[in-house]
Structures are given as structure tokens and as C-alpha cells.
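Everything in the sequence shown is counted per the numbering used here, starting at 482 for the first residue and increasing by one.
Note that the Cβ used here is the ideal one computed from N, Cα and C, for glycine as well.
Since we're looking at a predicted model, the values are computed, not measured.
Below you'll find the structure, written out as C-alpha cells, and then a few comments.
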Amino acid sequence: MRKFSGIALIQIPGDTLQTPISFNIETSPFGTKKISVNVGEQLNYPVLPVKKALADFILEKDKEGKLP
């Protein structure tokens, strides 16, 4: 399991939010990856789509080798 934290810039319709996040990337013995994202602040926007978009972005960056 790899653990990360940082600041996310989230673009939503009509606004850009900045919030602290932490996330874990866990790789199963079969090679599948599970990503869990925690948003540090209360957002004035539904959290599920934000977490899904962040998880997709994180998975893409991991595939590109841009995460340690």
C-alpha cells in the first residue's frame, strides 16, 4: 500500500476549489489497484463525483509512472 497527500485543484462548473487530499493505492496480488481518496475539507459540491474524478486522475498518473 502506498500513501500520498497533497493539495487538489478541482474545477467545477463556475468555480475552482482548492482542498487538501490524501489517498492510498493498494495493489492486490492479482495486479488490480484499489484507490481510496479522502477529501480534507467540506466541499460545496457533491463529493462522490469529485472522488471518482480524482481516483481516475490518480490511476492515470500512476500508469504513466508519475507517482513514486
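Simplified DSSP state of residue i, which is helix, strand or coil
i           : result
residue 547 : coil
Residue environment, residue i, which counts as buried when at least 16 other CB atoms sit within 10 Å
i           : result
residue 528 : exposed
residue 554 : This structure does not reach residue 554, given that the chain is present from 482 up to 549, and the question cannot be answered.
residue 488 : exposed
residue 504 : buried
Beta-ladder partner(s) of residue i, from DSSP
i           : result
residue 522 : Answer by DSSP bridge pairing: none, since residue 522 is not bridged.
residue 487 : 502
residue 517 : 505
residue 539 : None, per the DSSP bridge assignment.
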